[in-house]
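Chains as they are written, first to last, in the numbering used here: chain A, 45 to 372; chain B, 2 to 263; chain C, 4 to 286. Cβ coordinates follow ideal geometry from the N, Cα and C atoms, glycine included. Predicted, not measured: the structure shown is a model, and the values here were computed from it. A short worksheet on the structure shown next.
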Amino acid sequence: MKTIIQLDTIEKQFAGSVVVPPFSLSIEEGEFLTLLGPSGCGKTTLLRMIAGFEEPTSGEIYLEGKPLSQVPPYKRDMNMVFQQYALFPHMTVEQNILFGLKMKKVNGAEQQQRLEEVLQYVQLSELRKRTPKQLSGGQQQRVAIARAIINNPKVLLLDEPLGALDYQLRKSLQLELKNLQKNLGITFIYVTHDQEEAMAMSDRIAVMNKGRIEQIASPAEIYNRPQTMFVATFIGENNIFQEEGACTAVRPEKLKLYPRDVESEKHKKTGRITDVVFLGNLRKIYIRLDGTEMSVLAHQYANEGYDWQVDHQVAIGWSQTDEVVLSC
Amino acid sequence: MKKRSNALSGFSWLMIIFLYLPIAVLILYSFNESRINAVWSGFTWKWYISLFENRQVMQALSNSLSIGLISSVLATVLGTAASLAIKHYSLRWQNIINGLIYLPIVIPEIMLGLALLILFSQFQVDLGKATLIMAHTTFSIPFVMVIISARLADMGKDLEEASQDLGATPWQTLRYVILPLIMPGIVAGFLMSFTLSLDDFIISFFVAGPNSTTLPLYIYGLVKRGVSPEVNALSTLLITSTVLLVIIAELFRRKDSKTIPY
Amino acid sequence: MKTKRIKLLALPTLVWMGALFVLPMILMLALSFMERGTYGQVVYQFTIDNYIRIFDPLYGLIFWDTLVVAVLTTVFSILCGYPLAYYISRLEKSKQQIWLLLVMIPFWINFLVRSYAWVIILRSQGVVNTILQSLGLIDEPLTLLYNSGSVLVGMVYTLLPFMVLPIYVSLEQMDYRKLEAAYDLGATPWKAFWHVTLPMTKTGVVTGSILVFVSSIGMFVVPDVMGGAKSALIGNVIQNQFLSARDWPFGSALSIVLMLLSLLLILLYFKATQAGGAKEGSA
Chain A
45 MKTIIQLDTI EKQFAGSVVV PPFSLSIEEG EFLTLLGPSG CGKTTLLRMI AGFEEPTSGE
105 IYLEGKPLSQ VPPYKRDMNM VFQQYALFPH MTVEQNILFG LKMKKVNGAE QQQRLEEVLQ
165 YVQLSELRKR TPKQLSGGQQ QRVAIARAII NNPKVLLLDE PLGALDYQLR KSLQLELKNL
225 QKNLGITFIY VTHDQEEAMA MSDRIAVMNK GRIEQIASPA EIYNRPQTMF VATFIGENNI
285 FQEEGACTAV RPEKLKLYPR DVESEKHKKT GRITDVVFLG NLRKIYIRLD GTEMSVLAHQ
345 YANEGYDWQV DHQVAIGWSQ TDEVVLSC
Chain B
2 MKKRSNALSG FSWLMIIFLY LPIAVLILYS FNESRINAVW SGFTWKWYIS LFENRQVMQA
62 LSNSLSIGLI SSVLATVLGT AASLAIKHYS LRWQNIINGL IYLPIVIPEI MLGLALLILF
122 SQFQVDLGKA TLIMAHTTFS IPFVMVIISA RLADMGKDLE EASQDLGATP WQTLRYVILP
182 LIMPGIVAGF LMSFTLSLDD FIISFFVAGP NSTTLPLYIY GLVKRGVSPE VNALSTLLIT
242 STVLLVIIAE LFRRKDSKTI PY
Chain C
4 MKTKRIKLLA LPTLVWMGAL FVLPMILMLA LSFMERGTYG QVVYQFTIDN YIRIFDPLYG
64 LIFWDTLVVA VLTTVFSILC GYPLAYYISR LEKSKQQIWL LLVMIPFWIN FLVRSYAWVI
124 ILRSQGVVNT ILQSLGLIDE PLTLLYNSGS VLVGMVYTLL PFMVLPIYVS LEQMDYRKLE
184 AAYDLGATPW KAFWHVTLPM TKTGVVTGSI LVFVSSIGMF VVPDVMGGAK SALIGNVIQN
244 QFLSARDWPF GSALSIVLML LSLLLILLYF KATQAGGAKE GSA
């Protein structure tokens, strides 16, 4: 694999306070990398530094080995899909999509040919004469993507592109975007705060917190082998057991519940059920551990196990291999 | 509760009558046959006709229009250019420039008139149309900048960044994205400047020369001599054109940036 | 590098405003420290006499009159403007737009024409006197014009929109839930208004007052057209120094004092609203 973007000890300060502390990162050609984190974690700032809208306070960004610090945004060979799409309201769909080629003075015949290709691709051919105001949110989003990919960028930057859409539409567009990326073979750098979205689409996820990249790995590894306390608690639900200076994280679905009267060496904790939440395919069972103020959460799938009720006394067990040891 | 709100609405209508009654009376008496104003003696257009036959009035009108046109073009160009450039300056400079822009709006008008009079006399510039144009441009620039800056702020930086991201140089972005989007603001700024110039009395009073009398100055001359139907007619014309211009400007200013026809 | 060139776009405007706003102001300041020659010419000799002369009882009295008129204008504008703004803010949105336009329009018609309109109504052969006489209520025309009262009417009339708009804005931004909470806690409408609505719209009242006050102390058109010789305000004195008395240095000194007074008020206003805003934020 070839590195397409290299961040070399990038740092960003705003008015003297550090927003993104120095770090380095390599992004591979053709990969779908997601920057995931809560709002204000610096993920958008990082994306905007790559696009050229923010200047890193120190460090250098390389695109295919060439430093970018002296390259203004309009000369960088990458394109961005903005959060609110930023479609030009005074232009039609067609004019919006052709904007990049026009500015670069690509010849007319090629403009038309690429326009047709892209319109086909995003299925907007019939809406080409409309203005953005006359389009639905999902359609506007397609225009934003079409407007970017018509330029054949080396990297596509996406800043929460699905954030403004409703849940159902978001789900279907996630798959579409993933397929688009596979077919075009363009590197995607995708910013989101939605972990499900990140899990569903990414080759690699960089989990960010307070400007720092906490962990960068495949979705499965992020979920199963979190390296920091933040990742363990931010991604999915988790139970954290603190013992003798070390913390152990165990996912709720890995917890096994047993009736109290059966003695077994598998039982690691005991407690009383305080709440049972029914979610269709799943029940969430909250248990107060004996002799502590701590609650743990266990997931139980609908077709398995015992019909647990509130106030049942239970024993809890899990397999050693499902434990993730973290520093507290 | 009901009684109170009736009293409130009654008072409010009274205030609107207070605001409009004098203007209505002025307009009404511009159509009064009699020269002795207070007695209504029949409808006539004759005062308007006599205005159009009065060479001095026509001269003042032509002065007002030419000064208004030139000063508002200048103010619109200068104000628009400065509004576009201002955000590229450091915050410190932006504050200084903004101070410079807003100060003329907040200080009493008479100050600017007098200060300009001093300037022109120190540099021995003859008072006339040129000094009026300079003065009117100066007080219009801040208004243009206020309108255009508001529109630029409304537009946000997304569209500008999107344009750059798609490969447009700053000049191309200006030409193809920013200017078309702020055009209604530019038109509103121009109309506003024109109105301010057409309507200005206080500043013009100090910087006009004997051969550059504008309509408000001419009206002032007549007012000092007393009430007459000609003044009523001339004032009515000034009121009508001012109000029309302001309403048109306001319509442009309010035009939603998301629905500009292109 | 390209953005540097865009910065240059502001240059002509800066030069223009420098030459035709900043420079004239500096010249006025300089002139206020110079002497007047026998024939009204300016003598380039440093003096502070012009500022000392402002404390002459004659001018002191006019300054005092100006302040009194400005205060009264402000008070009457609040009394007339607040109920109007309150009424507008409680109307439906579409009606609000129309009423605001109604308040705005006179504001755009110039002071001169609006003052003159009052002359038609108030002069001795004017509309009011004619009606009263024809009804037989009076024999002799009343002197309604050319006194302090008529100046006050004219000032409130011309400056009222300045008061209505800011108050309207603050009423619009008011959090009505707080008012509902007050009703909920058993406050009578008057108590709720006095203890909740009025304090929450203080910023609007202060903004409007500053606008009206600053405009009234610099006003010379209204007293010129509607007032007599006795109701001259400081604006008229300044005008007179420049045009008839030809004492430009003294006129400049008066102007500088007037301007400082205005700027001081505006500064106090910013201080007050910032402090008020901070208090509101923490509450």
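Considering only B:L62, B:A234, B:Q60, B:I68, the residue with the shortest C-alpha distance to B:T138 is B:I68. The residue from A:Q212, A:P176, A:V150 with its alpha-carbon nearest to that of B:L167 is A:V150. Taking CB atoms only, B:Q95 has no neighbour in chain C less than 8 Å away.
Within 10 angstroms of the beta-carbon of A:C85 lie 16 or more other beta-carbons, which makes it buried.
Taking C-beta atoms under 8 Å as the contact rule, A:K300 and A:G229 fail to qualify, at a distance of about 44 Å.
Restricted to the segment 13–67 of chain C, the alpha helix (DSSP H) segments that are unbroken, complete and at least 4 residues in length are 14–20, 26–34, 52–56, listed in chain order.
Rounded to whole angstroms, the separation of the alpha carbons of C:A185 and B:I142 is 46 Å. Between A:A293 and A:V340 the beta-carbon gap is near 11 Å, outside 8 Å, which marks them as no contact. Taking 8 Å as the cut-off, the beta carbon of A:D203 is found no closer than this to the beta carbon of A:V166.
Within chain B, not a single residue places a beta-carbon under 9 Å from that of C:S234; the smallest gap is close to 16 Å. At a cut-off of 4 residues, the continuous stretches assigned as alpha helix (DSSP H) that sit fully inside the segment 261–312 of chain A are 263–268, 273–278.
Under the three-pair Cβ rule at 8 Å, the segment 94–101 of chain B does not count as touching the segment 161–175 of chain B. If you check the CB distance, A:I94 and A:E72 do not come in under 8 Å. Within chain B, no residue has its CB atom less than 7 Å from the CB of C:L188, the nearest being about 18 Å off. Note on geometry: alpha-carbon atoms of B:I149 and B:S194 lie some 13 Å from one another. Assignment of A:G361 by DSSP, reduced to helix, strand and coil, places it in the strand class. Taken through DSSP and simplified to helix, strand or coil, A:V115 comes out as coil.
Taking a beta-carbon distance threshold of 8 Å, A:N195 counts as an interface residue toward chain B.
When beta bridges are read from the DSSP output, B:Y30 appears opposite no residue. Under the DSSP assignment, B:K88 falls outside any beta strand (DSSP E); it carries neither an H nor an E label. By alpha-carbon distance to A:E281, the top candidate from A:E240, A:Q259, A:Y302 is A:E240. In this structure, A:I260 is the residue among A:I260, A:Q286, A:G289, A:R191 with its C-alpha nearest to the C-alpha of A:V275.
A straight line joining the alpha-carbon of C:K194 with that of C:P202 spans about 12 Å. The beta carbons of B:F207 and B:L115 sit closer together than 8 Å.
For A:E75, no beta strand (DSSP E) run applies, since DSSP gives it neither H nor E. What C:K10 touches in chain B, judged by beta-carbon distance under 8 Å, is A86, H89, Y90, going in chain order. For the segment 104–124 of chain A, the set of positions with a beta-carbon nearer than 7 Å to some beta-carbon of chain B reads P117, Y118, N123, M124 in chain order. For C:S258, the chain B residues whose C-beta falls within less than 7 Å of its own C-beta are M112, L115, listed in chain order. For A:E55, the enclosing beta strand (DSSP E) covers residues 47–58.
Beyond the five residues adjoining it in sequence on each side, C:M158 comes within less than 6 Å, by CB distance, of T76, S219, V225 in the same chain, given in chain order. Two segments are said to touch when three or more pairs of C-beta atoms, one from each, lie closer than 8 Å; by this definition the segment 128–148 of chain A touches the segment 182–197 of chain A. For C:K205, the uninterrupted alpha helix (DSSP H) segment begins and ends at 205–220. In this structure the segment 106–125 of chain C lies against the segment 9–26 of chain B, because at least three pairs of beta carbons, one per stretch, are closer than 8 Å.
Assignment of C:I9 by DSSP, reduced to helix, strand and coil, places it in the helix class. For the pair C:G231 and C:Y149, the CB atoms are nearer than the 8 Å cut-off.
At least one C-beta of chain A is nearer than 8 Å to the C-beta of B:L182.
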